[in-house]
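Novice: Line order of the protein sequences matches chains R and W.
Start counting the first sequence at 131; every next residue gets the next number (this note's numbering).
Start counting the second sequence at 21; every next residue gets the next number (this note's numbering).
Built from N, CA and C at the ideal position, the CB exists for glycine as well.
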Amino acid sequence: MITLSPFYQELLVSLNRGLLMSLALIVPSAIGGVCIGISAGTLRVFGNRWVRRFGDGYAALFRGTPLVVQLFVFYFGLPNLGIYLSPYAAAVTAFILCSGAYQSEYIRGALLSIKKGQHFGAQALGFTTWQTIRWIIVPQAVRRAIHGCGNEIIYLIKYSSLAYIVTCMELTGEGKTIATEYFRFTEVFAIIGLYYLGLVTLAIFLLKKIEQRLYIPGFGR
Amino acid sequence: MITDTTPILRVDNITKCFGNACILKGASLTLRKGEIKVLIGPSGGGKSTLLQCINCLVFPDSGTIELDGEPIALSSKPDLYRLRQQVGMIFQDFNLFDHLSALNNITIALRKVKRKSKQEAEERARFELEQVGLGDKATLYPAQLSGGQKQRVAIARALAMDPKVLLLDEPTSALDPELIGEVISVIKNLATKGMTMIMATHQISLISTLADEILFMENGVIVEQGSPAELLAAGNLSKSQGFCDRLNDLSDGGC
Numbered sequence: 131m132i133t134l135s136p137f138y139q140e141l142l143v144s145l146n147r148g149l150l151m152s153l154a155l156i157v158p159s160a161i162g163g164v165c166i167g168i169s170a171g172t173l174r175v176f177g178n179r180w181v182r183r184f185g186d187g188y189a190a191l192f193r194g195t196p197l198v199v200q201l202f203v204f205y206f207g208l209p210n211l212g213i214y215l216s217p218y219a220a221a222v223t224a225f226i227l228c229s230g231a232y233q234s235e236y237i238r239g240a241l242l243s244i245k246k247g248q249h250f251g252a253q254a255l256g257f258t259t260w261q262t263i264r265w266i267i268v269p270q271a272v273r274r275a276i277h278g279c280g281n282e283i284i285y286l287i288k289y290s291s292l293a294y295i296v297t298c299m300e301l302t303g304e305g306k307t308i309a310t311e312y313f314r315f316t317e318v319f320a321i322i323g324l325y326y327l328g329l330v331t332l333a334i335f336l337l338k339k340i341e342q343r344l345y346i347p348g349f350g351r
Numbered sequence: 021m022i023t024d025t026t027p028i029l030r031v032d033n034i035t036k037c038f039g040n041a042c043i044l045k046g047a048s049l050t051l052r053k054g055e056i057k058v059l060i061g062p063s064g065g066g067k068s069t070l071l072q073c074i075n076c077l078v079f080p081d082s083g084t085i086e087l088d089g090e091p092i093a094l095s096s097k098p099d100l101y102r103l104r105q106q107v108g109m110i111f112q113d114f115n116l117f118d119h120l121s122a123l124n125n126i127t128i129a130l131r132k133v134k135r136k137s138k139q140e141a142e143e144r145a146r147f148e149l150e151q152v153g154l155g156d157k158a159t160l161y162p163a164q165l166s167g168g169q170k171q172r173v174a175i176a177r178a179l180a181m182d183p184k185v186l187l188l189d190e191p192t193s194a195l196d197p198e199l200i201g202e203v204i205s206v207i208k209n210l211a212t213k214g215m216t217m218i219m220a221t222h223q224i225s226l227i228s229t230l231a232d233e234i235l236f237m238e239n240g241v242i243v244e245q246g247s248p249a250e251l252l253a254a255g256n257l258s259k260s261q262g263f264c265d266r267l268n269d270l271s272d273g274g275c
């Protein structure tokens, strides 16, 4: 049995703790981002003028500013308004809103690609506008958008590492602490990289499963 | 085959302009139960727009629509949804829902619009698929069906809603020649069952054999109307006759 040096023992304990925190950040952010993306994307296409403007404004704001700035605003800025978020809550909120803004763009593109005939077909059967969107248009758009949405989730896994700058100690943050303590940056960051590679590989596998689950002849592949 | 004399659908003086282009300039028609009217005429004459105005997929600028004696308030959404449920529509390019199987293309409207239970909707859908000869294709998706099969599913979907009137907008125009036959036989079958229909078509065999009345449309108005026997009589100088002669030149059918 190989015994690891104290450095590696400490590193792995820390990284595994960080990994759990990373997962706790990524999973709700990915799900929340997709939900916000579908809602915001749909409203940006089918909402009335004011709703569309509001949605466009949201996407422009969150796609147009750096994520670091958003994190700072949620963690250090909101207390000025009397709103105090924990580091974890601030990070998840920023990730959901940022990811949702990008996801809404994939959904919007997919919604606009659905042919007019699908609306006609549903309306001729007596569907209301809302029913047409809910049962006919969105299910098709989601299938067209799924590859882009998966891409955004993979990107989210990696930008979740920014949470440590608002003191939410996830994978990168835990690793960086050890690296500084022992002054061994190369090994630590190489191993962090492998952890992320593992996470992304897992995500790709799961996304593929979801794609297969949602597969319908005539949509992709 | 006219079985009743009360009008089931009355469309009066419909106009529709897109910008400066006026597609419909006051079209009127009255349809009795069991009656079949065929719209013919050159492309761009307003046939499709008239059909789309009848169930308000395109909003008419002016005019009135009366279904079963009740005028439809075009500004009232519930009225519109009720009208569309009772007036079925068949499109040139099918417009099946691409993400649903043949069966679910039919059940979705029964469940979401007519609020039927899943089981009831599926039973009805299977019955309608059998009627158009596609009982074995229930689980296939639109991408797996041929054009003729798609159009037959579209017809089954419309019929499952128990429409009082069926509007058919060039139902065979997007089909390969060898697939037209199966759709025509389904439509003829509907006619023998007494379905009330308005059909825009260039299909010569449908015009002469099915029409109780031919409406010839040109430049947004119905310029001629009458029975096929009248309009297509040998030696008649009607526009309809001339139009059918031209169609005949393109095909082998008899008009």
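Under 7 Å, CB to CB, which of the residues in the segment 258–270 of chain R have a partner in chain W?
Specialist: Thr258, Gln261, Trp265, Ile266, Pro269 and Gln270
Novice: Under 8 Å between C-beta atoms, does Met181 of chain W make it to chain R?
Specialist: By one-based count along the second sequence, residue 181 of chain W stands at place 161. So yes, Met181 of chain W belongs to the interface.
Novice: Please confirm whether Ala158 of chain W has its beta-carbon closer than 8 Å to some beta-carbon of chain R.
Specialist: Numbered from its first residue, the second sequence carries residue 158 of chain W at position 138. Not closer than 8 Å to any Cβ of chain R, the Cβ of Ala158 of chain W fails to qualify, so no.
Novice: Just mark His277 of chain R as buried or exposed, buried being the case when its beta carbon has 16 or more other beta carbons within 10 Å.
Specialist: Residue 277 of chain R sits at position 147 when you count from the first residue of the first sequence. With fewer than 16 Cβ atoms within 10 Å of its Cβ, His277 of chain R is classed as exposed.
Novice: Glu238 of chain W to Pro269 of chain R, Cα distance in whole Å?
Specialist: As a first step, residue 238 of chain W is located in the second sequence; it is residue number 218 there, counting from the start. As a first step, residue 269 of chain R is located in the first sequence; it is residue number 139 there, counting from the start. Cα to Cα, Glu238 of chain W sits roughly 40 Å from Pro269 of chain R.
Novice: Could you spell out where the beta strand (DSSP E) holding Asn322 of chain W opens and where it closes?
Specialist: In this structure chain W extends from 21 to 275, so residue 322 of chain W is not present and cannot be described.
Novice: In the segment 214–242 of chain W, which residues sit with their C-beta less than 7 Å from some C-beta in chain R, listed in chain order?
Specialist: none
Novice: Just tell me which of R:Phe202, R:Phe184 and R:Leu197 has its CA closest to the CA of Phe225 of chain R.
Specialist: Taking the first sequence and counting its residues from 1, the one referred to as residue 225 of chain R is at position 95. Out of R:Phe202, R:Phe184 and R:Leu197, R:Leu197 has the C-alpha closest to the C-alpha of Phe225 of chain R.
Novice: 8 Å is my cut-off, CB to CB: does Ala240 of chain R come that close to chain W?
Specialist: Counting from 1 along the first sequence, the entry for residue 240 of chain R is found at position 110. Output row for Ala240 of chain R: interface = no.
Novice: Could you tell me the alpha carbon to alpha carbon distance between Val185 of chain W and Leu71 of chain W, rounded to whole angstroms?
Specialist: Within the second sequence, numbered from 1, the residue matching residue 185 of chain W stands at position 165. Within the second sequence, numbered from 1, the residue matching residue 71 of chain W stands at position 51. Going from the Cα of Val185 of chain W to the Cα of Leu71 of chain W covers about 11 Å.
Novice: What is the C-beta distance between Asp196 of chain W and Gly153 of chain W, in whole angstroms, given that I count them as a contact (C-beta under 8 Å)?
Specialist: Counting from one through the second sequence, the residue named residue 196 of chain W turns up at place 176. Counting from one through the second sequence, the residue named residue 153 of chain W turns up at place 133. Their Cβ separation, rounded to whole angstroms, is 18 Å, which puts Asp196 of chain W and Gly153 of chain W out of contact at 8 Å.
Novice: Taking a cut of 7 Å between CB atoms, which residues from the segment 67–101 of chain W lie near chain R?
Specialist: Asn75, Leu77 and Tyr101
Novice: Note down the Cα distance separating Gly65 of chain W from Gly240 of chain W, rounded to an integer number of angstroms.
Specialist: Within the second sequence, residue 65 of chain W is the residue found at index 45, counting from 1. Within the second sequence, residue 240 of chain W is the residue found at index 220, counting from 1. Spanning the two alpha carbons is a distance of roughly 5 Å.
Novice: Could you pull out every residue in the same chain whose Cβ sits closer than 6 Å to the Cβ of Pro217 of chain R, ignoring the five residues on either side in sequence?
Specialist: For the purposes of this step, residue 217 of chain R is taken as the residue at position 87 of the first sequence. If we look at Pro217 of chain R and ignore the five residues flanking it on each side, its Cβ neighbours are Val296, Thr297 and Cys298.
Novice: Going straight from the alpha carbon of Lys67 of chain W to that of Asp81 of chain W, what length do you get?
Specialist: As a working mapping, residue 67 of chain W is identified with position 47 in the second sequence. As a working mapping, residue 81 of chain W is identified with position 61 in the second sequence. Going by the C-alpha atoms only, they are around 16 Å apart.
Novice: Give the DSSP bridge partners of Arg52 of chain W, in chain order.
Specialist: Taking the first residue of the second sequence as position 1, residue 52 of chain W is located at position 32. DSSP lists W:Pro27 as partners of Arg52 of chain W.
Novice: Leu141 of chain R: buried (16+ other C-beta within 10 angstroms of its C-beta) or exposed?
Specialist: Counting from 1 along the first sequence, the entry for residue 141 of chain R is found at position 11. So Leu141 of chain R ends up on the buried side.
Novice: Please check the pair Ser225 of chain W and Ile204 of chain W, which I expect to be a contact at CB under 8 Å, by giving their CB distance rounded to whole angstroms.
Specialist: The residue given as residue 225 of chain W occupies position 205 in the second sequence. The residue given as residue 204 of chain W occupies position 184 in the second sequence. About 6 Å; that satisfies the 8 Å criterion.
Novice: Determine the direct distance from the alpha carbon of Ala309 of chain R to that of Pro136 of chain R, and round the result to whole angstroms.
Specialist: Your numbering for residue 136 of chain R matches position 6 in the first sequence. Your numbering for residue 309 of chain R matches position 179 in the first sequence. Cα to Cα, the separation comes out at about 13 Å.
Novice: With distance defined between alpha-carbon atoms, name the residue in R:Gln200, R:Gly212, R:Val222 and R:Leu332 nearest to Gly280 of chain R.
Specialist: In the first sequence, the residue the question calls residue 280 of chain R occupies position 150. Closest by alpha carbon: R:Leu332.
Novice: Alpha carbons only, please: which of W:Asn115, W:Asn209, W:Lys213 and W:Leu123 is nearest the one belonging to Leu7 of chain W?
Specialist: Chain W is shown from 21 up to 275; residue 7 of chain W falls before or after that span and cannot be answered.
Novice: Leu87 of chain W lies in the beta strand (DSSP E); which residues open and close that run?
Specialist: As a first step, residue 87 of chain W is located in the second sequence; it is residue number 67 there, counting from the start. Its beta strand (DSSP E) spans residues Ser82 to Leu87.
Novice: Looking at the structure shown, is Met358 of chain R part of a helix, part of a strand, or coil, going by DSSP?
Specialist: Any property of residue 358 of chain R remains undetermined from this structure, which presents chain R solely from 131 to 351.
Novice: Taking DSSP as the reference, what is the three-state secondary structure of Leu160 of chain W?
Specialist: Reading the second sequence from its first residue, position 140 is the one you call residue 160 of chain W. Here Leu160 of chain W sits in coil by DSSP.
Novice: Below 8 Å on the Cβ atoms is my contact criterion, and I expect Ile213 of chain R with Ala275 of chain R to pass it. Report the Cβ-Cβ distance as a whole number of Å.
Specialist: Counted from its first residue, the first sequence places residue 213 of chain R at position 83. Counted from its first residue, the first sequence places residue 275 of chain R at position 145. Actually they do not touch by this definition, with Cβ atoms about 33 Å apart.
Novice: Taking the C-alpha atoms as reference points, what is the distance between Pro91 of chain W and Thr50 of chain W?
Specialist: Translated into the one-based positions of the second sequence, residue 91 of chain W becomes position 71. Translated into the one-based positions of the second sequence, residue 50 of chain W becomes position 30. Cα-Cα distance, rounded: 13 Å.
Novice: Any C-beta of chain R sitting closer than 8 Å to the C-beta of Ala163 of chain W?
Specialist: In the second sequence, counting from the first residue as 1, residue 163 of chain W sits at position 143. Closer than 8 Å to some Cβ of chain R, the Cβ of Ala163 of chain W qualifies, so yes.
Novice: How far does the alpha helix (DSSP H) with Phe319 of chain R in it extend, from its first residue to its last?
Specialist: Indexing the first sequence from 1 puts residue 319 of chain R at position 189. Phe315 to Leu344 is the extent of the alpha helix (DSSP H) around Phe319 of chain R.
Novice: Let me see if you follow: with CB-CB separation under 8 Å, is Asp113 of chain W close to chain R or not?
Specialist: Counted from its first residue, the second sequence places residue 113 of chain W at position 93. True, the Cβ-Cβ gap to chain R drops below 8 Å.
Novice: How many whole angstroms separate the CB atoms of Pro191 of chain W and Thr221 of chain W, which I take to be in contact at a CB cut-off of 8 Å?
Specialist: Your numbering for residue 191 of chain W matches position 171 in the second sequence. Your numbering for residue 221 of chain W matches position 201 in the second sequence. Rounded, the Cβ-Cβ distance is 7 Å, consistent with contact.
Novice: Given Gly185 of chain R, which residues of its chain have a CB within under 6 Å of its CB, disregarding the five upstream and five downstream residues?
Specialist: As a first step, residue 185 of chain R must be located in the first sequence, where it is residue number 55. If you ignore the 5 residues before and after Gly185 of chain R, its C-beta comes within less than 6 Å of the C-beta of Ala170, Leu173 and Arg174, all in its own chain and listed in chain order.
Novice: Which partner residues of Ile110 of chain W appear in the DSSP bridge assignment?
Specialist: As a first step, residue 110 of chain W must be located in the second sequence, where it is residue number 90. Answer by DSSP bridge pairing, in chain order: W:Leu188.
Novice: Quick one: what does DSSP say Lys45 of chain W is sitting in, helix, strand or coil?
Specialist: Mapped onto the second sequence, residue 45 of chain W falls at position 25. In this structure, Lys45 of chain W counts as strand in the three-state DSSP scheme.
Novice: By DSSP's criteria, Gly246 of chain W is part of a beta bridge. Which residues make up the other side?
Specialist: For this step, residue 246 of chain W is matched to residue 226 along the second sequence. W:Ile234.
Novice: Scan the segment 163–210 of chain R and note each continuous beta strand (DSSP E) run of 3 residues or more that stays entirely inside, going in chain order.
Specialist: Runs found: none.
Novice: Counting only beta-carbon atoms, is Ala194 of chain W nearer than 8 Å to chain R?
Specialist: For the purposes of this step, residue 194 of chain W is identified with residue 174 of the second sequence, where counting begins at 1. Chain R, which has no Cβ nearer than 8 Å to the Cβ of Ala194 of chain W, makes this no.
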